[in-house]
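If you read the sequence shown in UniProt numbering, its first letter stands for residue 1, the second for the next number, and so on.
No residue lacks a Cβ here, since even glycine has one placed at the ideal position from N, Cα and C.
Remember, predicted model here, so these are calculated numbers, not experimental data.
As structure tokens, the structure follows; a few thoughts come after it.
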Amino acid sequence: MCGISGWVCYWKDISNCDDIIKNMADALLHRGPDEGGFYLSKNALLGHRRLTIIDPEGGKQPMVKEYNNQKYIVVYNGELYNTPELKKELQTQGYTFSSYSDTEVLLTSYIHWKEECVKRLNGIFAFAVYNETTKELFLARDHLGVKPLFFSLKNGNFLFASEIKALLRHPLISPVVGKEGVYELIGLCPARSPFCAIFKDIIELPPGHYVIYDPKGITIKEYWELKPQSIDKNVDEIKEMVRSLVIDAIERQLVSDFEICSFLSGGLDSTIITTVANRALKNQGKTLKTFSIDYEENKNYYTFNMFQPTLDTDFAKMASQEIGTDHIIVEIDNDQLSESLYQATVANDLPGMADIDSSLLLFTKEVRQHAKVALSGECADEIFGGYPWYWSSSYKDVKTFPWSPSLDFRSKLLSQKYSKDELKEYVNSKYQQSVAKVILPESDSEQERRHRILYYLNVKWFMLTLLNRKDRMSMTNSLEVRVPFADYRLVEFLYNIPWKVKYLENAEKGLLRCAFEGLIPEIVKSRKKSPYPKTYNPRYLKNVSEKVKKIIESLSPIFEIINKEQLKEILDNPNFTFEKPWFGQLMTLPQFFGYIVQLDFWAKVYNVNFE
Numbered sequence: 001m002c003g004i005s006g007w008v009c010y011w012k013d014i015s016n017c018d019d020i021i022k023n024m025a026d027a028l029l030h031r032g033p034d035e036g037g038f039y040l041s042k043n044a045l046l047g048h049r050r051l052t053i054i055d056p057e058g059g060k061q062p063m064v065k066e067y068n069n070q071k072y073i074v075v076y077n078g079e080l081y082n083t084p085e086l087k088k089e090l091q092t093q094g095y096t097f098s099s100y101s102d103t104e105v106l107l108t109s110y111i112h113w114k115e116e117c118v119k120r121l122n123g124i125f126a127f128a129v130y131n132e133t134t135k136e137l138f139l140a141r142d143h144l145g146v147k148p149l150f151f152s153l154k155n156g157n158f159l160f161a162s163e164i165k166a167l168l169r170h171p172l173i174s175p176v177v178g179k180e181g182v183y184e185l186i187g188l189c190p191a192r193s194p195f196c197a198i199f200k201d202i203i204e205l206p207p208g209h210y211v212i213y214d215p216k217g218i219t220i221k222e223y224w225e226l227k228p229q230s231i232d233k234n235v236d237e238i239k240e241m242v243r244s245l246v247i248d249a250i251e252r253q254l255v256s257d258f259e260i261c262s263f264l265s266g267g268l269d270s271t272i273i274t275t276v277a278n279r280a281l282k283n284q285g286k287t288l289k290t291f292s293i294d295y296e297e298n299k300n301y302y303t304f305n306m307f308q309p310t311l312d313t314d315f316a317k318m319a320s321q322e323i324g325t326d327h328i329i330v331e332i333d334n335d336q337l338s339e340s341l342y343q344a345t346v347a348n349d350l351p352g353m354a355d356i357d358s359s360l361l362l363f364t365k366e367v368r369q370h371a372k373v374a375l376s377g378e379c380a381d382e383i384f385g386g387y388p389w390y391w392s393s394s395y396k397d398v399k400t401f402p403w404s405p406s407l408d409f410r411s412k413l414l415s416q417k418y419s420k421d422e423l424k425e426y427v428n429s430k431y432q433q434s435v436a437k438v439i440l441p442e443s444d445s446e447q448e449r450r451h452r453i454l455y456y457l458n459v460k461w462f463m464l465t466l467l468n469r470k471d472r473m474s475m476t477n478s479l480e481v482r483v484p485f486a487d488y489r490l491v492e493f494l495y496n497i498p499w500k501v502k503y504l505e506n507a508e509k510g511l512l513r514c515a516f517e518g519l520i521p522e523i524v525k526s527r528k529k530s531p532y533p534k535t536y537n538p539r540y541l542k543n544v545s546e547k548v549k550k551i552i553e554s555l556s557p558i559f560e561i562i563n564k565e566q567l568k569e570i571l572d573n574p575n576f577t578f579e580k581p582w583f584g585q586l587m588t589l590p591q592f593f594g595y596i597v598q599l600d601f602w603a604k605v606y607n608v609n610f611e
């Protein structure tokens with residue numbers, strides 16, 4: 001995994017601005033601590049930071065390749081899981097290779113197929129190819145958005161980078177947040193709209209999109225989208241197809257020249273990944289290391305609830321023993337959890353999921369002491385229907401984003417400088433725009449139409465939020481995390497599977513459970529879904545409450561956009577509670593306060609100017 005950055009300008013010579021591209025690349029040191037490289041020319045500067053996973057010598061970047069009197073340069077962040085197939089096909093076309101790295105295969109794929117190459121890639125990627133001969137720049141992001149990519153077009157300068165912080169290192173980019181950015185921060189965050197990066201001058205390239213930039217201008221195109229198709233298979237055939245696709249995705253993602261591990265919560269998704277990965281590694285004479293997360297004294301304070309019906313630790317231990325892994329439990333200290341909110345904000349360049357972020361940051365920091373690559377179970381809930389909003393009647397018919405239904409609460413937080421009605425209209429318009437993109441076959445029942453919409457929203461919004469979080473928190477610790485359930489082939493297939501099949505045995509993710517019956521421990525197969533664990537220790541709430549109190553007593557810049565009195569009213573009310581989480585399944589009052597802490601820190605440290 002790596003960090004990439006670049007600057008293309010056609011109207012002046014920027015070859016002597018190497019200090020700027022080096023400064024941008026330095027901001028991504030955590031993404032690639034092993035080595036760095038640069039390509040400098042009159043109209044293009046490219047920077048790369050490398051986390052070496054495959055072919056240490058042959059995969060150095062920027063990589064240059066000449067073909068048919070044209071010179072191509074690539075900077076790439078990601079991993080291709082169909083490298084052997086692509087390489088073999090390209091060799092039949094007469095291409096030769098000097099390494100076994102996927103970087104060379106990626107660059108050669110672009111040389112041969114140009115922008116159509118993205119339709120042939122199976123992997124996680126964000127990359128840029130510059131043609132020195134034609135002066136054309138091509139950028140692309142993977143189908144589901146596992147790897148990040150941001151860009152800016154300002155005053156005839158095209159800039160791009162893996163993270164926002166690198167773009168902010170360029171003298172042209174200022175930390176300005178306009179009205180729409182404010183509405184995103186209060187009305188939608190930690191989710192964000194497609195193309196939105198909060199900062200006025202910065203755009204996030206959505207998943208499944210590419211950009212072509214040349215002296216004539218810019219073209220942005222969506223190369224992959226969810227399409228309804230007829231699946232002519234019975235239930236047993238669907239189960240077999242799911243099992244085959246999932247196993248293939250996991251096994252493809254085991255390629256690495258360094259130790260690979262797995263996150264194991266004892267839940268369905270991580271146990272499937274761990275079981276398949278461990279079986280493959282055992283054939284190589286290796287024992288898989290697995291990791292789970294827990295919190296200081298969490299058992300003493302946890303009570304059953306709809307969103308987290310069980311704790312993970314005992315299930316993770318049982319699953320590890322039965323599968324035969326070397327298991328390590330990482331226990332998070334609650335004081336450290338609240339203090340790490342600040343580092344998580346910097347990792348994300350934005351306020352995020354509060355301690356859901358900072359816990360993952362601390363967890364991956366410990367994992368990195370043992371391995372360089374990890375497998376994780378993200379995305380199974382979005383595509384197999386694991387969330388309450390798929391199956392609970394109190395959620396699935398909500399005519400807004402089901403993971404943040406409390407729009408009235410959010411609008412009350414807005415300062416008088418902005419319009420509450422405008423904020424509601426903004427959020428509703430984003431919801432309606434997304435729903436309008438869903439193609440609904442006339443043959444679908446009303447229930448199937450609703451589930452198709454929910455599936456689309458989860459893949460394009462909620463899943464991306466979690467993938468962004470996973471990338472930033474792990475990569476700030478130089479740990480590459482792979483997500484087999486984010487294989488686009490699996491996502492395409494499940495989009496067209498009826499809800500009644502996904503809900504086999506009247507259980508959330510019933511199809512996945514049944515598809516892996518007999519391969520995973522029975523206690524895991526029958527375990528009710530439990531999400532990523534959070535702390536229930538009141539010490540954490542006490543810590544963040546004290547931080548919010550200090551913010552209220554200060555001259556915080558967030559009160560340009562936040563209603564201070566409304567926030568104080570929440571803080572002073574010992575009985576305040578959320579009927580439903582204010583975001584997702586986990587984010588209630590402690591996480592809301594954590595978000596305020598992150599918002600305040602971000603506004604100060606990034607010197608944000610709210611227009």
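Burial state of A197 is buried, judged by a 10 Å Cβ sphere holding 16 or more other Cβ atoms. Linking A319 to I497 through their CA atoms gives a straight-line distance of about 29 angstroms. In the displayed model, F363 falls within a helix according to three-state DSSP. Along the stretch 175-236, the alpha helix (DSSP H) occurs as fully enclosed runs of 4 or more residues at 179-187, listed in sequence order.
Nearest neighbour of N155 by Cα position, chosen from F258, H170, P388, G145, turns out to be H170. Its Cα nearest to that of V346, the residue N607 stands out among G59, N607, G36.
Taken in chain order, the complete beta strand (DSSP E) segments of 3 or more residues contained in the stretch 30-103 are 35-40, 44-50, 63-67, 70-80. DSSP places H327 in the strand class (E or B) of the three-state scheme. About 7 angstroms separates the Cβ atoms of T313 and S292, confirming a contact at the 8 angstroms cut-off. The continuous beta strand (DSSP E) containing W7 extends over residues 2-9. Distances from the alpha-carbon of E132 to those of L172, N68, S99 put N68 closest. Rounded to the nearest angstrom, the gap between the Cα atoms of A380 and T134 is 42 angstroms.
Going by DSSP, E569 is part of the alpha helix (DSSP H) stretching over 564-572. With respect to the 9 angstroms criterion, S5 and A126 are not classified as neighbours on the basis of their beta carbons. In summary, K282 is exposed, with fewer than 16 beta-carbon neighbours lying within 10 Å of its beta-carbon over all protein chains present. Counting along the chain, F384 sits inside the alpha helix (DSSP H) bounded by residues 380-384. Under the 10 Å beta carbon count, G386 is surrounded by 16 or more other beta carbons and is classified as buried.
Counting along the chain, N348 sits inside the alpha helix (DSSP H) bounded by residues 341-348. Between E184 and D349, the beta carbon gap of about 14 angstroms keeps them out of contact (Cβ cut-off 8 angstroms). Note that the C-beta distance between L51 and I73 is not below 9 angstroms. Looking only at D248, A249, F158, D269, the smallest Cα-Cα distance to K216 is reached by F158. Counted as a single uninterrupted DSSP element, the alpha helix (DSSP H) harbouring T274 occupies residues 268-282.
When rounded, the separation of the alpha-carbon atoms in E322 and P351 is 39 angstroms.
For D55, the CB contacts under 6 angstroms within the same chain, skipping 5 residues up- and downstream, are S99, Y100, S101 in chain order. Taking C-beta separations shorter than 6 angstroms and ignoring five residues to either side along the sequence, the partners of F97 in its chain run E104, following chain order. Look at D142 here: in three-state DSSP terms it is coil, with no helix or strand label.
Excluding sequence positions up to five before and after G181, its CB lies within less than 6 angstroms of the CB of I198, all in the same chain and listed in chain order. For the stretch 456-538, the continuous alpha helix (DSSP H) assignments of 4+ residues that do not extend past its boundaries occur at 463-475, 488-495, 499-502, 510-515, 522-525, in sequence order. Annotation: L414 to L188 spans about 12 angstroms, alpha carbon to alpha carbon. Under the three-state reduction of DSSP, C261 is assigned to strand. Apart from sequence neighbours up to five positions away, the residues of its chain that approach I124 with a beta-carbon distance below 6 angstroms are G78, E79, D142, V146, K147, ordered along the chain. Taken atom to atom, the span from the alpha-carbon of S340 to that of V481 is near 20 angstroms. From the listed residues Q336, G594, F401, the smallest Cα separation to Q433 is found for F401. Beyond the five residues adjoining it in sequence on each side, K412 comes within less than 6 angstroms, by CB distance, of Q566 in the same chain, given in chain order. With a cutoff of 9 angstroms on beta-carbon distance, Y210 and K221 are scored as near each other. The continuous beta strand (DSSP E) containing A161 extends over residues 157-161.
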